[in-house]
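Student: Structure incoming, see below.
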Amino acid sequence: MNILFGYPKHPNPLYRQRACFPGVLSVCFLFHVKQRARRTFHVKQINFPEKDFYFPVVCGTINIIDICKEELDVGKIVSVTNQKGGVGKTTTAVSLAYQLAEEGKKTLFVDIDPQANGTSSFGINKRTITRSVYEVLIGSCDIREAIIATPYKNADVLPTNMNLAGAEIEMVSMDNREGLLKAALNKVRHLYDYIIIDCPPSLSLLTLNALTASGSVLIPLQPEYLALEGVSQLVNTIKLVKNRYNPALYIEGVLLTMYDGRMNVTLQVANEIKKYFGSKVYKTAICRNVRLSEAPSHGVPVQVYDRYSKGALAYRELTREFLQRNEDGLS
Ligand SMILES: Nc1ncnc2c1ncn2[C@@H]1O[C@H](COP(=O)(O)OP(=O)(O)O)[C@@H](O)[C@H]1O
Ligand SMILES: [Mg+2]
Numbered sequence: 040m041n042i043l044f045g046y047p048k049h050p051n052p053l054y055r056q057r058a059c060f061p062g063v064l065s066v067c068f069l070f071h072v073k074q075r076a077r078r079t080f081h082v083k084q085i086n087f088p089e090k091d092f093y094f095p096v097v098c099g100t101i102n103i104i105d106i107c108k109e110e111l112d113v114g115k116i117v118s119v120t121n122q123k124g125g126v127g128k129t130t131t132a133v134s135l136a137y138q139l140a141e142e143g144k145k146t147l148f149v150d151i152d153p154q155a156n157g158t159s160s161f162g163i164n165k166r167t168i169t170r171s172v173y174e175v176l177i178g179s180c181d182i183r184e185a186i187i188a189t190p191y192k193n194a195d196v197l198p199t200n201m202n203l204a205g206a207e208i209e210m211v212s213m214d215n216r217e218g219l220l221k222a223a224l225n226k227v228r229h230l231y232d233y234i235i236i237d238c239p240p241s242l243s244l245l246t247l248n249a250l251t252a253s254g255s256v257l258i259p260l261q262p263e264y265l266a267l268e269g270v271s272q273l274v275n276t277i278k279l280v281k282n283r284y285n286p287a288l289y290i291e292g293v294l295l296t297m298y299d300g301r302m303n304v305t306l307q308v309a310n311e312i313k314k315y316f317g318s319k320v321y322k323t324a325i326c327r328n329v330r331l332s333e334a335p336s337h338g339v340p341v342q343v344y345d346r347y348s349k350g351a352l353a354y355r356e357l358t359r360e361f362l363q364r365n366e367d368g369l370s
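For reference, each letter of the sequence shown is one residue, going 40 to 370 in this note's numbering.
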């Protein structure tokens with residue numbers, strides 16, 4: 040039984056998920072206090088004395104943790120999303136996933152972009168794989184059979200290939216079409232600390248699947264003219280998914296990519312982005328670095344291609360910030 044809590048009156052909207060009403064069986068809640076920032080709790084609980092509580096629920100959560108200990112041991116799923124192409128989604132998803140693995144976190148990189156750039160960045164030949172995320176989504180293969188171990192410790196990949204481009208048409212007529220990826224990932228989530236999904240440059244059914252499966256969304260933004268155009272559409276899509284399919288979804292962070300601090304336009308747009316997203320914007324910005332653009336053609340993450348390049352160092356720094364936000368206070 041999955042019943043989640045909300046803090047209807049909590050001042051922070053992150054905590055103020057859908058309200059709980061006495062006797063209502065399915066209510067949602069993101070348990071986002073710092074200690075447990077990575078987790079959504081599925082809890083067996085009904086009947087609250089009143090609907091305008093929130094401190095009582097804070098107390099109640101202590102019991103909740105007891106009830107659902109097994110839920111604590113599942114990995115956090117993060118989608119790297121922006122419907123704009125060429126903003127650094129794949130570079131970010133690959134570099135973050137690799138670095139998390141290097142930091143000792145068991146990590147799964149999930150490629151749901153039919154272009155398969157992420158898959159080849161991990162040295163996997165998209166032309167020869169026979170089991171990919173496509174087969175998993177349409178139900179012709181189990182996710183456990185499609186996941187490939189990489190040469191890098193702690194890093195696995197759920198690869199993709201061009202077949203995925205046609206998957207959406209097949210998925211449209213399937214039951215639970217927006218929840219297919221979530222259902223598949225649920226089978227392996229307990230094996231990982233983090234699952235990083237590289238999304239295609241669109242707000243398509245594939246992206247919808249990623250957002251429905253995810254705990255949070257990381258948005259790479261290139262601070263250039265019109266960078267914020269389309270962002271409100273992305274934010275609306277996130278809200279829509281939150282309301283309909285995944286109440287616990289939130290914005291993990293906003294990453295400035297291909298950042299060139301010498302250019303006025305970069306600084307101006309970066310300021311606008313910071314005004315819009317506030318503290319969600321990572322302190323680490325990713326500079327332009329030719330090593331980042333060269334690494335994929337060698338089939339390796341940038342950290343392997345040139346460990347001490349500016350790009351590799353920037354993603355290492357980002358990963359530290361990411362982990363700090365997620366794991367500070369976790370025992
Ligand atoms: N910080 C960077 N500096 C230089 N080139 C970059 C940087 N980030 C990405 N690139 C290059 O820009 C192109 C687009 O990046 P990519 O990560 O594929 O974007 P997306 O997945 O959003 O389409 C790729 O050729 C990539 O190697
Ligand atoms: Mg990409």
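Using N, Cα and C, we set each Cβ at its ideal position, and we do this for glycine too.
Quick check: the region 304–317 against the region 260–276, are there 3 or more CB pairs under 8 Å?
Tutor: The region 304–317 vs the region 260–276: in contact.
Student: Measure from the C-beta of L260 to each C-beta in chain B and report whether the shortest distance is under 9 Å.
Tutor: As a matter of chain content, chain B is missing from the structure shown, which is built from one protein chain.
Student: To the nearest angstrom, report how far apart D190 and V270 are at their CA atoms.
Tutor: By one-based count along the sequence shown, residue 190 stands at place 151. By one-based count along the sequence shown, residue 270 stands at place 231. It is worth fixing the name first, because residue 190 is Pro in this sequence and not Asp. Going from the Cα of P190 to the Cα of V270 covers about 36 Å.
Student: Are the region 131–144 and the region 355–362 in contact at 8 Å, needing three or more beta carbon pairs?
Tutor: Yes, since at least three Cβ pairs between the region 131–144 and the region 355–362 fall closer than 8 Å, the two stretches touch.
Student: Three-state secondary structure (DSSP) at L320?
Tutor: Indexing the sequence shown from 1 puts residue 320 at position 281. Reading off the sequence, residue 320 comes out as Val, not Leu. Strand at V320.
Student: Give the secondary structure of T251 by DSSP, where H, G and I count as helix, E and B as strand, and everything else as coil.
Tutor: Mapped onto the sequence shown, residue 251 falls at position 212. If DSSP states are grouped into helix, strand and coil, T251 belongs with the helices.
Student: Would you please state the rounded distance, in angstroms, between the beta carbons of I325 and L362? I believe it to be under 8 Å.
Tutor: The residue labelled residue 325 in the question sits at position 286 within the sequence shown. The residue labelled residue 362 in the question sits at position 323 within the sequence shown. At roughly 17 Å, the Cβ-Cβ gap does not stay under 8 Å, so I325 and L362 are not in contact.
Student: Using a Cβ-Cβ cutoff of less than 6 Å, which residues in the same chain neighbour T100 once the five nearest sequence positions on both sides are dropped?
Tutor: Looking up residue 100 in the sequence shown gives position 61. Low per-residue confidence applies at T100: pLDDT is 40, beneath 50, and the placement is therefore not dependable, though the value from the model is reported in the following sentence. Closer than 6 Å at Cβ, skipping near neighbours: no residue.
Student: Alpha helix (DSSP H) containing A353: first to last residue?
Tutor: As a working mapping, residue 353 is identified with position 314 in the sequence shown. A353 -> alpha helix (DSSP H) spans 349–366.
Student: Kindly indicate which three-state DSSP category T296 falls into: helix, strand or coil?
Tutor: Reading the sequence shown from its first residue, position 257 is the one you call residue 296. Reduced to three states, the DSSP call for T296 is coil.
Student: Between N193, N200, R183, which has its C-alpha nearest D150's C-alpha?
Tutor: Taking the sequence shown and counting its residues from 1, one reaches residue 150 at position 111. When each option's Cα is compared against that of D150, the closest is N200.
Student: Exposed or buried, which one is Y371 when buried takes at least 16 other CB atoms within 10 Å?
Tutor: Residue 371 cannot be examined here, being either before or after the span of the chain that is shown, 40 to 370.
Student: What is the DSSP secondary structure of V256, counted as helix, strand or coil?
Tutor: Taking the first residue of the sequence shown as position 1, residue 256 is located at position 217. Reduced to three states, the DSSP call for V256 is strand.
Student: Give the secondary structure of V270 by DSSP, where H, G and I count as helix, E and B as strand, and everything else as coil.
Tutor: Locating residue 270 in the sequence shown gives position 231, counting from the first residue. If DSSP states are grouped into helix, strand and coil, V270 belongs with the helices.
Student: Could you check whether N248 and L135 sit closer than 9 Å to each other, using their CB atoms as the reference points?
Tutor: By one-based count along the sequence shown, residue 135 stands at place 96. By one-based count along the sequence shown, residue 248 stands at place 209. No, the pair does not count as a contact, with Cβ atoms beyond the cut-off.
Student: At the level of alpha carbons, what is the spacing between A222 and G300?
Tutor: By 1-based counting over the sequence shown, the position of residue 222 is 183. By 1-based counting over the sequence shown, the position of residue 300 is 261. Straight-line Cα distance between these residues: approximately 42 Å.
Student: Quickly, what does DSSP pair D152 with across the bridge? List them, please.
Tutor: In the sequence shown, residue 152 corresponds to position 113, counting from 1. Answer is none; D152 lacks a bridge partner.
Student: Measure the C-alpha to C-alpha separation of H337 and V133 and round it to an integer number of angstroms.
Tutor: As a working mapping, residue 337 is identified with position 298 in the sequence shown. As a working mapping, residue 133 is identified with position 94 in the sequence shown. Between H337 and V133, the C-alpha separation is close to 14 Å.
Student: Pull up the CB-CB distance for S255 and Q122, whole angstroms please, since I reckon it's below 8 Å.
Tutor: Position 216 of the sequence shown, counting from 1, holds the residue named residue 255. Position 83 of the sequence shown, counting from 1, holds the residue named residue 122. At roughly 17 Å, the Cβ-Cβ gap does not stay under 8 Å, so S255 and Q122 are not in contact.
Student: Tell me whether G124 counts as near ligand 2, meaning its Cβ is closer than 8 Å to at least one heavy atom of that ligand.
Tutor: The residue given as residue 124 occupies position 85 in the sequence shown. At least one heavy atom of ligand 2 is nearer than 8 Å to the Cβ of G124, so yes.
Student: Check whether the Cβ of A136 lies closer than 8 Å to any heavy atom of ligand 1, and answer yes or no.
Tutor: Walking along the sequence shown from the start, residue 136 turns up at place 97. Answer for A136: no, Cβ out of range of ligand 1.
Student: Taking 8 Å as the cut-off, does the CB of Q307 come closer than this to any heavy atom belonging to ligand 2?
Tutor: By 1-based counting over the sequence shown, the position of residue 307 is 268. Because no heavy atom of ligand 2 lies under 8 Å away, the Cβ of Q307 does not count as near it: no.
Student: Given a cut-off of 9 Å, decide if D232 and T323 are closer than it, judged by their beta-carbon atoms.
Tutor: Residue 323 sits at position 284 when you count from the first residue of the sequence shown. Residue 232 sits at position 193 when you count from the first residue of the sequence shown. Against a cut-off of 9 Å, the Cβ pair of D232 and T323 comes out as no contact.
Student: When the distance is taken between beta carbons, is S118 closer than 9 Å to P340?
Tutor: Here the question's residue 340 lines up with position 301 in the sequence shown. Here the question's residue 118 lines up with position 79 in the sequence shown. No, they are not a contact pair.
Student: Can you tell me whether DSSP reads I85 as helix, strand or coil?
Tutor: For the purposes of this step, residue 85 is taken as residue 46 along the sequence shown, with counting starting at 1. Residue confidence for I85 is low, a pLDDT of 35 falling below 50, so the modelled location carries little weight; the figure read from the coordinates is stated next. Three-state result, I85: coil.
Student: Where are the alpha helix (DSSP H) runs, 4 residues long or more, that stay fully inside the region 179–237, in chain order?
Tutor: With a minimum length of 4 residues, the continuous alpha helix (DSSP H) runs that stay inside the region 179–237 are 182–185, 203–211, 219–225.
Student: Skipping 5 residues on each side, what residues in its chain have a beta carbon closer than 8 Å to that of F94?
Tutor: In the sequence shown, residue 94 corresponds to position 55, counting from 1. The predicted model places F94 with a pLDDT of 36, which falls under 50 and marks its position as unreliable; any figure quoted below should be read in that light. Correct list: empty, nothing qualifies.
Student: Could you check which residue in V343, R183, A155, V196 has the C-alpha nearest to that of N7?
Tutor: For the chain, the structure presents residues 40 to 370; residue 7 sits outside this window and is missing.
Student: For F92, which residues in the same chain have their Cβ closer than 7 Å to its Cβ, ignoring the five residues on either side in sequence?
Tutor: One-based indexing of the sequence shown puts residue 92 at position 53. Only weak support exists for where F92 lies, its pLDDT of 37 falling under 50; the coordinates are left without a value.
Student: I need the boundaries of the alpha helix (DSSP H) containing K128, first residue and last residue.
Tutor: Residue 128 sits at position 89 when you count from the first residue of the sequence shown. Unbroken alpha helix (DSSP H) run through K128: 128–141.
Student: Roughly how many whole angstroms lie between the Cα atoms of G292 and L331?
Tutor: Locating residue 292 in the sequence shown gives position 253, counting from the first residue. Locating residue 331 in the sequence shown gives position 292, counting from the first residue. The alpha-carbon atoms of G292 and L331 are separated by roughly 21 Å.
Student: Going straight from the alpha carbon of K314 to that of L273, what length do you get?
Tutor: Taking the sequence shown and counting its residues from 1, one reaches residue 314 at position 275. Taking the sequence shown and counting its residues from 1, one reaches residue 273 at position 234. Cα to Cα, the separation comes out at about 17 Å.
Student: CB A206 to CB P198, shorter than 9 Å?
Tutor: Position 167 of the sequence shown, counting from 1, holds the residue named residue 206. Position 159 of the sequence shown, counting from 1, holds the residue named residue 198. For A206 and P198, no; Cβs fall outside 9 Å.
Student: Less than 8 Å between the CB atoms is what I'm expecting for A353 and Q342, so what's the real figure, rounded?
Tutor: Translated into positions along the sequence shown, residue 353 becomes position 314. Translated into positions along the sequence shown, residue 342 becomes position 303. Not a contact, Cβ separation roughly 11 Å.
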